[in-house]
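Colleague: Before anything else, here's the structure in question.
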Amino acid sequence: MTRLLLATANRGKLRELRDLLGTAIEVVTPEQCELSLDVEETGQTFADNAVLKAEAGAAACGQICVADDSGLCVDALGGAPGVHSARFALLAGRGQGDEANRRHLLEKMAAIDDGARGAEFRCAIAVAAPGRQTRVFTGSCRGAIARAPRGGDGFGYDPLFEWRDGRTFAELPLAEKQQVSHRGQALRAAAPYLLELARSNFWR
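Position 161 of the sequence shown, counted from 1, bears residue number 384 in our numbering, the numbering being contiguous throughout.
Here it is in structure tokens:
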């Protein structure tokens, strides 16, 4: 089976990519390949950071590597946290991790009226391989910020991101979330290219 390196330690992202690609490609992590990837995300956009991580992974393993950079852009916060989504609370000195990020966002949004809580999830997927031009695939999804977290699935800001029917991403089954989410869109856009590489024996 063809193996694909996903340059992340995020188990939620790993689960979503494996679910989308099925059994055609074995998705592995840097840990499984005994690689240490510590890439400084200095890009100004999600695409910039995805390319940095994918190209670092491809150089380290000598084969194709996929990386995503994604985050939440809140209208009332001028597009923040944006590329700083994973470090939103940390950069403000308010703790670290998903729960701290959600708590900090709710504090920032406490005075925002229900009609002005619009937000957008954005994702960029970069596919890099030695000797090939890196390709980037994108996706986005509009929604709104809930006043309290709901749902036991998902990760990151999912419990706060309300989809059009009022459910948060953490309340959606994975298959349904994949159909509408920013990452699902980007992964579906990237999948034909990944499968094309697999059929061409690029990794063998």
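Where is the CB? At the ideal position from N, CA and C, for every residue including glycine.
Just curious, the beta strand (DSSP E) that residue 289 is in, first and last residue?
Modeller: For the purposes of this step, residue 289 is taken as the residue at position 66 of the sequence shown. Residue 289 -> beta strand (DSSP E) spans 288 to 297.
Colleague: In the DSSP assignment, what are the bridge partners of residue 363?
Modeller: Looking up residue 363 in the sequence shown gives position 140. Per DSSP, 345.
Colleague: Is residue 340 helix, strand or coil when you go by DSSP?
Modeller: Working through the sequence shown from its first residue, we reach residue 340 at position 117. Residue 340: coil per DSSP, three-state reduction.
Colleague: Which residues in the same chain as residue 393 place their Cβ atom closer than 6 Å to its Cβ, once the five residues preceding and following it in sequence are excluded?
Modeller: The count along the sequence shown starts at 1 and reaches residue 393 at position 170. Closer than 6 Å at Cβ, skipping near neighbours: 374, 376, 377, 381 and 382.
Colleague: Whole angstroms is fine: what's the gap from residue 371's alpha carbon to residue 321's?
Modeller: One-based indexing of the sequence shown puts residue 371 at position 148. One-based indexing of the sequence shown puts residue 321 at position 98. If you take the alpha carbons of residue 371 and residue 321, they lie about 14 Å apart.
Colleague: Three or more C-beta pairs under 8 Å: does that hold for the stretch 351 to 364 against the stretch 407 to 414?
Modeller: Yes, the stretch 351 to 364 touches the stretch 407 to 414.
Colleague: Using the C-alpha atoms, what's the distance from residue 397 back to residue 385?
Modeller: Taking the sequence shown and counting its residues from 1, the one referred to as residue 385 is at position 162. Taking the sequence shown and counting its residues from 1, the one referred to as residue 397 is at position 174. Their Cα atoms are separated by approximately 15 Å.
Colleague: Thinking C-alpha only, which one of 261, 297 and 265 is nearest residue 282?
Modeller: Indexing the sequence shown from 1 puts residue 282 at position 59. The candidate whose alpha carbon is nearest that of residue 282 is 261.
Colleague: Could you give the first and the last residue of the continuous beta strand (DSSP E) run that contains residue 260?
Modeller: Here residue 260 refers to the residue found at position 37 of the sequence shown. It is not in any beta strand (DSSP E) - residue 260 carries neither H nor E in the DSSP assignment.
Colleague: Taking DSSP as the reference, what is the three-state secondary structure of residue 384?
Modeller: Numbered from 1 along the sequence shown, position 161 holds the residue referred to as residue 384. The answer is strand: DSSP assigns residue 384 an E or B state.
Colleague: Counting C-beta neighbours from all protein chains within 10 Å, is the total for residue 353 16 or more, i.e. buried, or is it exposed?
Modeller: Sequence index remark: in the sequence shown, residue 353 carries index 130 (1-based). Exposed is the call here.
Colleague: Once you ignore the five residues that flank residue 379 on each side, which residues in its own chain have a CB closer than 6 Å to its CB?
Modeller: Here the question's residue 379 lines up with position 156 in the sequence shown. Once the five neighbours on either side are set aside, the close Cβ partners of residue 379 are 321.
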